[in-house]
Each structure stands twice: as C-alpha cells, then as structure tokens.
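Participant: Sending over a structure as structure tokens; questions will come in a sec.
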Amino acid sequence: MKKSHLPVALEDRPCASISYELKSKALDKWNSSIRASSTDNTISILDVIGEDYWGEGVTAKRISAALRAIGNNDVVVNINSPGGDMFEGLAIYNLLRSHSGKVTVNILGIAASAASIIAMAGDVVQMGRGAFLMIHNCWAVGVGNRHDFAKLATDLAPFDMSMADIYVARSGQSNEVVSQMMDDETYIGASEAIEKGFADNLLTADIVDDGDESPQAAIRKLDALLAKANTSRSERRKLISALTRSMPSATSNPHGTPSATSEINPDTLSELEKAVNAFATAN
Numbered sequence: 154m155k156k157s158h159l160p161v162a163l164e165d166r167p168c169a170s171i172s173y174e175l176k177s178k179a180l181d182k183w184n185s186s187i188r189a190s191s192t193d194n195t196i197s198i199l200d201v202i203g204e205d206y207w208g209e210g211v212t213a214k215r216i217s218a219a220l221r222a223i224g225n226n227d228v229v230v231n232i233n234s235p236g237g238d239m240f241e242g243l244a245i246y247n248l249l250r251s252h253s254g255k256v257t258v259n260i261l262g263i264a265a266s267a268a269s270i271i272a273m274a275g276d277v278v279q280m281g282r283g284a285f286l287m288i289h290n291c292w293a294v295g296v297g298n299r300h301d302f303a304k305l306a307t308d309l310a311p312f313d314m315s316m317a318d319i320y321v322a323r324s325g326q327s328n329e330v331v332s333q334m335m336d337d338e339t340y341i342g343a344s345e346a347i348e349k350g351f352a353d354n355l356l357t358a359d360i361v362d363d364g365d366e367s368p369q370a371a372i373r374k375l376d377a378l379l380a381k382a383n384t385s386r387s388e389r390r391k392l393i394s395a396l397t398r399s400m401p402s403a404t405s406n407p408h409g410t411p412s413a414t415s416e417i418n419p420d421t422l423s424e425l426e427k428a429v430n431a432f433a434t435a436n
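Quick note on the working numbering: the sequence shown kicks off at 154 and runs consecutively.
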C-alpha cells in the first residue's frame, strides 16, 4: 500500500522522566550479524532504536540526515532491530512516511517493538523467511510515586492507540484484533505477517548477508542476561563497564558510556549466558 495512506504517528514524549529497557525475548531473537547486501540509497537500521547507556543506536536525527542526502530518490530501509525508544521509533516512522520517494522496507531478522512501527512506513514491506515482527503496547521505565505512575499509564494510552491505528491501516485487520495482539505481545513470522497484511512478500535469499555479531549487540545481550538474574541496572552497568575496560581496545565515547571496539567472542558470551542462567536457577 502507498505509505501516504498511513496515519501520522503521535510522537510527542509525554514526560522526560521515562525511559525504555529492551525486552529480553526480543534481544534473544535478535542476531545483529544479519545484514543486507549493500545497495545505493539504502538506510540500515541494524541496532537499537534511540540512544541508550551502551551507545547512540538509531536516532531520528541520523535518519533525517540520511534522507536529506538521498533527496527525492527511492530508498531501501533494511531493518534488523530488537526495538528501543518508542518515541524515537514513531519519529522515524513519520520521517519515512513523509519521504517523497518510494520506500521499500526489508525486515532481515527482527523488527520488534519500536522497530516494527518503523517497518510499517514502507510502500512495500518485505521479510526474510526466518524474520519476525513483534508488536506490543508501549513499554517504558519510569520513576515516581503512585500518582506519577497512574498519570504515566494515562499518558501512554494515546501512543498505544496511535500505534494500533498504524498497524490497522497497514494490515487491514480490525482494531480489536490488533489491540489484542498488542496486549499479548505477539511475534509474527514472515508467512503469517504476509497473510495478515503486515508485510507484502518474502525477501530473496541473496539480499541477506551473515556477518559477525557487533560488540554493542553482545553487550546489550549480556545486560539482558544479567537483568534476567535480577541484577540491578546500576550493578549491571558496573559489571559490563569493568568487562569492557578489560579489553585492550575498549574505549569510551565523549559522553562517558562504554564503546567496545573489539569483538566479544561468541563462545565467551555463550559461557556467560550459561553462568548467568545457572545463577538465576539457583536463586
């Protein structure tokens, strides 16, 4: 369908005191090594959406700059992302929706949460055979008392409705069906996504390349594993910062957040995962 027929997303952040934390299941399904064969006029969304403690991620500012460079030409948007900042995702969706050229979205691995909204902005949406969409309600981390949280729940409701409107317009499913899918936090495989109207067709195999897992992705996955073991956010950051500092080529960016430039060995990550899972089981 033409993206111009899609609704504009509500994107104003309701308050500055909320942030996001990635869903561990989405991270489990995310393989950051899945990338697309390079082509001209391509935007790659292969990281978390928005800035977090571990890095900048994909921001509306970066997408806006890329679209300015592309001009009025057609653009291909390759997505493999576990999601992230919903408000940043809605802003990116609006940027792509308003682009004057044709937008083709390729979901290479997973487009979860905020990334699934971005994926809806294509005139054509294609998925790899093993790819997934994940849709759910707004997922936020907040600070405050019970009145603040009651207000937060109220403030987030319009954003759930805005996302539902987009999924409904894209898929042709009823609002009731889409809202239930969001309530249930639904993972949708490629064939089902095409059947239900969230995507148009399957990708050809030669579009997708498998490379190495990125260091930032490995760090985020380790963070999620520690969260599963009920390790506090502050303690997780201390542990991972200590790990990255121990790497010979690990550096920090100007904002003081770790930026490991060397690869974390997949075997090492696997052993860490086993250790964390064993610890969680024992406790």
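Glycine residues also receive a C-beta, built at the ideal position from the N, C-alpha and C atoms.
#1: Name the residue from Met273, Ser344, Leu309 and Leu220 whose alpha carbon lies nearest to the alpha carbon of Ile319.
#2: Which ranges does the alpha helix (DSSP H) cover as unbroken runs of at least 4 residues, wholly within the stretch 211-290, from first to last along the chain?
#3: Considering only residues of the same chain and omitting the five flanking positions on each side of Ala267, which have a CB-CB separation below 7 angstroms?
#4: State the CB to CB distance for the pair Leu220 and Leu199, rounded to an integer number of angstroms; the pair is presumed to be in contact (CB under 8 angstroms).
#5: In the structure shown, what three-state DSSP assignment does Pro401 receive?
#6: Please report the residue range of the beta strand (DSSP E) in which Ser197 lies.
#7: Does the contact criterion of 3 or more C-beta pairs under 8 angstroms hold for the stretch 281-295 versus the stretch 250-258?
#8: Can you grab the Cα-Cα spacing for the pair Ser217 / Thr195, in whole Å?
#9: Thinking Gln279 and Asn226 are a contact (beta carbons under 8 angstroms), I'd like their distance in whole angstroms, please.
#10: Would you identify the three-state DSSP class for Thr410, choosing helix, strand or coil?
#11: If I follow the unbroken beta strand (DSSP E) through Ile202, where does it start and stop?
#12: Where does the unbroken beta strand (DSSP E) through Thr357 begin, and where does it stop?
Facilitator: In short, the structure shows the following:
#1: Met273
#2: 213-223, 239-250 and 267-272
#3: Ile202, Gly236, Gly237, Asp238, Met239, Glu241 and Gly242
#4: Wrong, their Cβ atoms sit about 17 angstroms apart, outside the cutoff.
#5: Per-residue confidence for Pro401 stands at a pLDDT of 45, beneath the threshold of 50, marking its modelled position as unreliable; no derived number is given.
#6: Thr195 to Ile198
#7: no
#8: 13 angstroms
#9: About 19 angstroms; that fails the 8 angstroms criterion.
#10: Low local confidence applies: a pLDDT of 45 at Thr410 is under 50, so the model's placement there is unreliable, with the coordinate-based value given in what follows. Of the three classes helix, strand and coil, the one that applies to Thr410 here is coil, per DSSP.
#11: From DSSP, Ile202 is part of no beta strand (DSSP E); its letter is neither H nor E.
#12: No beta strand (DSSP E) contains Thr357, which DSSP labels as neither H nor E.
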